[in-house]
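Residue numbers for the first sequence follow my numbering, so the first one is 208 and each next one is one higher.
Heads up, the beta-carbon is just placed ideally off N, CA and C, and yes, glycines get one too.
Notes to accompany the following structure.
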Amino acid sequence: MDEQLKKTPLVCVVGPTASGKSSLAVKLAQKLSGEIISADSMQIYEYMNIGTAKPTAAEMCGIPHHLIDFIPPDKLFTVADYVKLARQKINEVTKQNKLPILTGGTGLYISSVADNIIFSESPSNTKLRAELKAISDEQGNEFMWNMLNEIDPILAKTLHPNNSGRVLRGIEIYKLTGTTMTEHKRLSRLRESPYKLCMLGLNFKNRETLYARIDARVDAMISLGLVDEVRELIKMGYSKTSVQAIGYKEFFDYLNGKCSLQEAVDCVKQETRKYAKRQLTWFRRDERINWIYVDEFEDNDLILQEALKLINKNTGGI
RNA sequence: GGCGCCAUAGCCAAGCGGUAAGGCAGAGGUCUGCAAAACCUUUAUCCCCGAUUCGAUUUCGGGUGGCGCCU
208 MDEQLKKTPL VCVVGPTASG KSSLAVKLAQ KLSGEIISAD SMQIYEYMNI
258 GTAKPTAAEM CGIPHHLIDF IPPDKLFTVA DYVKLARQKI NEVTKQNKLP
308 ILTGGTGLYI SSVADNIIFS ESPSNTKLRA ELKAISDEQG NEFMWNMLNE
358 IDPILAKTLH PNNSGRVLRG IEIYKLTGTT MTEHKRLSRL RESPYKLCML
408 GLNFKNRETL YARIDARVDA MISLGLVDEV RELIKMGYSK TSVQAIGYKE
458 FFDYLNGKCS LQEAVDCVKQ ETRKYAKRQL TWFRRDERIN WIYVDEFEDN
508 DLILQEALKL INKNTGGI
């Protein structure tokens, strides 16, 4: 019990894209004297504003937002980097007697912070990775999987041979550290979470409603000048990270004259829906999440009330 | 009115006398260092009726629907 009292309160607002996380988080911050720490793998980048739905100054309503818009789009950024920064921000916010509110749709980032995953230090590995990639290209996925199965059968069993990225990573981490991924995972979870968590998840009873919101939002992004934003990024020479961001990569073909604007827009909508579905798959398995079904409430105020109620119930008051 | 073509899953689409590829969409899932990424699983009895046949989605006849052309 005393242990519980010592823990740092941390509210998490999760859910699929376009479910209203940002807006709810801001309102919670206003009510509970909080600050927002973003958990979004794309909003971290500068110049990618419209397409990542980065909150505008107006939308922030004066609430401080951390871990948004702070690194150039071509910089490599990993979960480990994120967790480090997020922990730091949570501490800073807490020290000011403010409530940290972790908000975002990147499940891996959220979980890693919430579960207090300790990522081991590992040296730069691009060379080894390239070597493994070369072998893989030559010998094939099965071969690499068998190699992994020799060194870390537990991990191998959970991976499909076609998932070469992970298979290679499993081999790589062993060659690099002499310790298997399975062991790394065990070690990463030894320290108990310092947070008193309250996780809120936004979802929809009717999936169609979510998809309609996604479509509408993509259309809105276009009106706001998303295509010009993509043009600018390319002009600045940034096409590496944006290559994998939905709402950016789809416009490359359009800008190269390979498809119509409408086709590109439809593609963005489609990809965003699939992304939302994947996000739900990720979050659904986290039993700590208290789900709020957005389409069961008449307006945002009622959603806020529900969220406050859940926070109260789960933390005994903050 | 005549001639020709087509009819396979929500969509696109292959196929064959022995009980139907693939792609997309949809649904479900995996997840520890680029995660808005990567990967996995999953969905039909072939327009209707008759005939031939051991057996028809596949052949033949008729119907219905659609497309094209002609008068």
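Among residues of its own chain, excluding the 5 on either side of residue i, which ones have a beta-carbon nearer than 7 angstroms to its beta-carbon?
{"i": "Lys382", "result": "Leu335"}
{"i": "His391", "result": "Ser327, Ile380"}
{"i": "Asp359", "result": "Gly377, Tyr381, Thr387, Met388, Thr389"}
{"i": "Met354", "result": "Ile378"}
{"i": "Trp498", "result": "Gly408, Asn410"}
{"i": "Asn413", "result": "Asp502"}
{"i": "Ser371", "result": "Ser343, Asn348, Met351"}
Got a sec? Which residues, its chain only, sit under 6 angstroms from residue i by beta carbon, not counting five neighbours each side?
{"i": "Ser319", "result": "Val286, Val290"}
{"i": "Val221", "result": "Ile317, Gly408, Phe490"}
{"i": "Lys456", "result": "Val450"}
{"i": "Ser395", "result": "Ile324, Ile325"}
{"i": "Val437", "result": "Tyr455, Phe458"}
{"i": "Asn356", "result": "Ala363"}
Please state the DSSP three-state secondary structure of residue i.
{"i": "Lys214", "result": "coil"}
{"i": "Asn298", "result": "helix"}
{"i": "Gly444", "result": "coil"}
{"i": "Ile530", "result": "In this structure the chain extends from 208 to 525, so residue 530 is not present and cannot be described."}
{"i": "Tyr254", "result": "coil"}
{"i": "Met208", "result": "Summary for Met208: the model assigns pLDDT 48, below 50, so the residue's position carries little reliability; its value from the coordinates is reported in the next sentence. Met208: coil per DSSP, three-state reduction."}
Given residue i, which residues of its chain have a CB within under 8 angstroms of its CB, disregarding the five upstream and five downstream residues?
{"i": "Glu439", "result": "Tyr254"}
{"i": "Ile421", "result": "Thr224, Ala225, Lys476, Thr479, Arg480, Ala483"}
{"i": "Phe277", "result": "Ile251, Glu253"}
{"i": "Leu511", "result": "Leu231, Lys234, Leu235, Lys238"}
Count the other CB atoms, across all protein chains shown, that sit within 10 Å of the CB of residue i; report buried if there are 16 or more and exposed otherwise.
{"i": "Arg398", "result": "exposed"}
{"i": "Cys268", "result": "exposed"}
{"i": "Leu235", "result": "buried"}
{"i": "Met406", "result": "buried"}
{"i": "Leu404", "result": "buried"}
{"i": "Thr263", "result": "exposed"}
{"i": "Met208", "result": "Caution is warranted here: a pLDDT of 48 is assigned to Met208, below 50, making its placement in the model unreliable, and the coordinate value is therefore given only provisionally. It counts as exposed."}
{"i": "Gly432", "result": "exposed"}
{"i": "Val233", "result": "buried"}
{"i": "Asp508", "result": "exposed"}
{"i": "Ile361", "result": "exposed"}
{"i": "His272", "result": "buried"}
{"i": "Glu505", "result": "exposed"}
{"i": "Gln469", "result": "exposed"}
{"i": "Ala427", "result": "exposed"}
{"i": "Ala337", "result": "exposed"}
{"i": "Gly454", "result": "buried"}
{"i": "Ser329", "result": "exposed"}
{"i": "Thr310", "result": "buried"}
{"i": "Ser229", "result": "buried"}
{"i": "Gln346", "result": "exposed"}
I'd like to confirm the pairing. Which residues does DSSP put opposite residue i in its beta bridges?
{"i": "Pro307", "result": "Glu242"}
{"i": "Tyr289", "result": "None, per the DSSP bridge assignment."}
{"i": "Cys219", "result": "Leu309, Met406"}
{"i": "Ile278", "result": "Tyr252"}
Ordered list of beta strand (DSSP E) runs contained in the region 366-410, each at least 3 residues: 402-410
Note down, one range per segment and in chain order, each beta strand (DSSP E) of at least 3 residues found wholly within the region 455-501. The region 455-501 contains these whole beta strand (DSSP E) runs: 496-500.
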